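Have a look at the structure below before the remarks.
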Ligand SMILES: Nc1ncnc2c1ncn2[C@@H]1O[C@H](COP(=O)(O)OP(=O)(O)OP(=O)(O)O)[C@@H](O)[C@H]1O
Ligand code: SF4
Ligand SMILES: [Mg+2]
């Protein structure tokens with residue numbers, strides 16, 4: 009039994025323009041101590057999947073189908089108070105823009121201590137000390153002083169460390185990190201990545217790492233789930249996905265990572281853009297952009313051997329594809 | 002500290018400019034001699050009185066004499082009451098202040114929760130009622146509201162007296178009708194009348210602030226931390242919508258004091274507003290001048306207080322007004 013098991017999840021937004029099927033039958037699982045990377049272009053439904061797990065989908069959105077099992081217990085559409093007890097205690101989430109995730113008018117210590125007190129009784133001084141130690145653990149210098157500072161007195165990278173510290177406070181079993189490094193400089197990105205890797209290894213935490221940047225994933229994630237237009241189009245271990253991507257979309261993603269262009273060729277880009285969420289192709293959703301499209305691709309595609317493409321087996325091996 | 006001193010110097014300068022404008026304005030309006038001197042008086046008596054009042058001297062000299070007196074706290078005697086003008090005004094100030102204070106408290110204590118509710122639950126019947134009410138409070142003229150209040154609550158229901166200030170009680174050295182039941186009964190209608198327009202404004206500000214802030218990432222993060230809803234709303238949200246509301250309250254408090262005229266007239270509330278209307282009618286120059294300068298000073302003090310409050314609410318704002 010995995011720590012988190014999402015099965016055929018459907019999260020839809022009921023807008024005036026129609027029903028946006030942001031997440032349309034997504035399944036993935038994460039074990040304790042495992043890192044799952046979820047990659048895909050903007051709008052593919054990565055965040056909405058994560059927020060569904062957290063029970064943080066607001067109207068007009070709703071989880072309309074499928075199951076989310078956490079530690080053996082069904083948590084999709086759990087009543088509000090029960091979900092609140094899980095949030096921030098057993099499942100934590102970190103967001104993309106560290107400039108926006110901390111409340112600008114509250115001191116860091118306030119925002120940390122309240123996270124503990126939302127979930128357990130602890131004396132103020134003990135909670136404060138725990139928060140300070142956690143700040144130290146995520147590599148913030150002079151944590152005693154920094155506890156009393158306001159968010160605007162930190163750099164972006166340091167703020168993200170504060171957010172990570174907050175996520176760690178209640179020793180969660182699972183952390184969902186939604187592009188936590190995207191807004192940061194490349195060098196800071198690497199530091200944060202390294203930090204997270206160390207932390208989840210120490211604590212045996214399960215980690216869902218959402219990103220649209222495949223180059224971040226290698227050497228960090230155990231497995232990768234590739235999302236496209238509300239669906240998972242391929243799931244594989246990181247090594248096999250990078251060495252031998254099956255789905256034409258995964259191939260395109262890998263081809264567009266700079267280090268893959270061994271022969272010094274220009275960066276390959278997938279032509280076109282993702283289909284509008286309200287008007288997706290009937291058959292394979294990637295078809296309008298796919299170089300391997302044929303007549304049979306007009307039928308809806310289902311996952312077979314973790315790849316959502318009926319031609320996957322007959323496509324040429326990845327290395328033969330000109331970069 | 003440097004900041005406070007600079008602000009005070011600015012305030013003094015502002016008060017000087019205002020005193021000059023007020024003096025010039027009054028100088029232009031009319032010659033008090035015509036009112037003060039008995040039309041039967043001889044030419045010699047006229048000249049003597051004009052010289053005695055200093056009205057024969059050039060304008061700038063008159064201004065400096067006036068300024069010198071003001072600096073000593075002497076605004077001259079009221080032509081009508083023949084008593085110090087400043088004293089007349091200060092006597093009536095508590096009545097106006099307590100009315101404005103009660104109105105602001107009503108506007109804030111009702112307006113913030115109603116506005117936040119409307120912002121958090123848009124589209125519900127409750128929030129639509131609140132917003133419709135705020136449009137009404139906004140657009141119906143003040144005097145008409147006053148008349149309706151009197152009609153319904155005094156005349157028809159008989160709950161509140163029609164006019165006057167009622168008993169005054171004393172608490173911690175402050176004398177105010179806030180401290181007696183009878184005083185409160187007298188104050189209820191004029192305070193509500195004065196409050197309605199601002200209540201509508203506070204509701205709108207609280208609602209738009211709530212809608213803006215609730216969509217921010219830090220609110221989502223607060224929920225992701227598993228905080229309880231009351232803490233999210235009362236701490237994370239409320240703290241962030243206070244700034245525009247504090248501005249409004251600070252600014253409108255001055256306005257309430259200066260322009261309580263209509264309400265005070267209708268409810269025969271013995272405050273500064275009623276005094277000033279009477280004084281203007283009677284060309285009582287010293288009282289009008291003293292009143293305007295008192296109002297300017299009140300505005301300056303309120304501005305200073307609002308700035309100080311900002312820096313308490315939002316740590317990003319330093320006292321010199323720059324945003325980090
Ligand atoms: N409140 C909402 N109302 C309507 N549609 C929504 C809402 N929130 C998300 N969506 C839709 O859900 C789809 C998936 O959004 P999601 O944020 O999960 O994408 P993402 O993969 O995280 O992209 P990004 O890389 O930009 O973060 C988008 O097409 C978006 O239009
Ligand atoms: S099903 Fe067809 S169109 Fe879709 S990815 Fe496979 S080959 Fe391309
Ligand atoms: Mg996203």
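Protein chains in written order, with my numbering: chain E, 9 to 331; chain A, 2 to 325.
All C-beta atoms in this analysis are idealised placements derived from N, C-alpha and C, irrespective of residue type, glycine included.
These numbers come from a predicted model, not from an experiment.
- The Cβ-Cβ distance between residue 105 of chain A and residue 286 of chain A does not fall below 9 Å.
- For residue 210 of chain A, no Cβ of chain E is located within less than 9 Å of the residue's own Cβ.
- In this chain, residue 303 of chain E is not harboured by any alpha helix (DSSP H), its DSSP state being neither H nor E.
- Close to residue 101 of chain E, with beta-carbon spacing below 7 Å, are these residues of chain A in chain order: 225.
- Going by beta carbons, residue 98 of chain E and residue 181 of chain E fall inside the 9 Å limit.
- Exclusion of the five residues before and after residue 265 of chain A leaves 272, 274 and 275 as the residues of its chain whose Cβ lies within less than 6 Å of its Cβ.
- In this structure, the alpha-carbon of residue 68 of chain E lies about 5 Å from that of residue 22 of chain E.
- In the DSSP assignment, residue 311 of chain E falls outside any alpha helix (DSSP H) and carries neither an H nor an E.
- Residue 15 of chain E is outside the set of residues whose beta carbon lies under 9 Å from a beta carbon in chain A.
- Residue pairing for residue 276 of chain A: DSSP places it in no beta bridge.
- Within the region 121-187 of chain E, the complete beta strand (DSSP E) segments of 3 residues or longer fall at 182-186, listed in chain order.
- Annotated three-state conformation of residue 235 of chain E is strand, per DSSP.
- For residue 325 of chain E, the shortest C-beta to heavy atom distance toward ligand 2 is 8 Å or greater.
- Buried is the label assigned to residue 255 of chain A, since at least 16 other Cβ atoms lie within 10 Å of its Cβ.
- Between residue 214 of chain E and residue 42 of chain E, the C-beta gap is smaller than 9 Å, which places the two residues in contact.
- One Cα belongs to residue 205 of chain E, the other to residue 194 of chain E, and the distance between them is close to 17 Å.
- Chain-order list of chain A residues neighbouring residue 126 of chain E: 226, 227, 228, 229 and 232, by C-beta distance under 8 Å.
- For residue 168 of chain E, the nearest beta carbon of chain A is not closer than 9 Å to its own beta carbon.
- Close CB contacts of residue 239 of chain A within its chain, under the 8 Å cut and outside five residues either way in sequence, are with 113 and 117 (chain order).
- Ligand 2 never approaches residue 160 of chain E closely enough for any of its heavy atoms to be under 8 Å from the residue's Cβ.
- Boundaries for residue 16 of chain E: no alpha helix (DSSP H) harbours it, while the beta strand (DSSP E) harbouring it runs 12-23, taken from the DSSP string.
- A check of alpha carbon separations from residue 5 of chain A across A:99, A:145, A:304 and A:84 identifies A:304 as the nearest.
- Proximity of the region 131-138 of chain A to the region 202-222 of chain A meets the contact definition, three or more beta-carbon pairs being nearer than 8 Å.
- When distances are taken from the beta-carbon of residue 32 of chain E to the heavy atoms of ligand 3, even the shortest one reaches 8 Å or more.
- A distance below 6 Å between beta-carbons, with the five flanking residues on each side excluded, links residue 61 of chain E to the following residues of its chain, in chain order: 76.
- At least one heavy atom of ligand 2 is found less than 8 Å from the C-beta of residue 309 of chain E.
- Cβ atoms of residue 311 of chain A and residue 302 of chain A stay farther apart than 8 Å, at about 15 Å.
- DSSP, reduced to helix, strand and coil, places residue 206 of chain E within a helical segment of the structure shown.
- For a Cβ distance threshold of 9 Å, nothing in chain E lies close to residue 246 of chain A: the least Cβ distance comes to about 14 Å.
- Apart from sequence neighbours up to five positions away, no residue of its chain approaches residue 93 of chain E with a beta-carbon distance below 6 Å.
- In this structure, residue 254 of chain E and residue 239 of chain E do not form a Cβ contact; the two beta carbons are roughly 15 Å apart against a cut-off of 8 Å.
- For residue 111 of chain E, a Cβ of chain A is located within less than 9 Å of the residue's own Cβ.
- Look at which beta carbons fall closer than 7 Å to any heavy atom of ligand 3; those residues are E:54, E:55, E:104, E:186, E:187 and E:218.
- Distance check between residue 230 of chain A and each of E:64, E:151 and E:281 places E:64 closest, using alpha-carbon atoms only.
- Distance from the Cα of residue 89 of chain E is smallest, within the candidate group A:227, A:250, A:249 and A:244, for A:227.
- A distance criterion of 8 Å places the beta-carbon of residue 256 of chain E in contact range of ligand 2, judged by its closest non-hydrogen atom.
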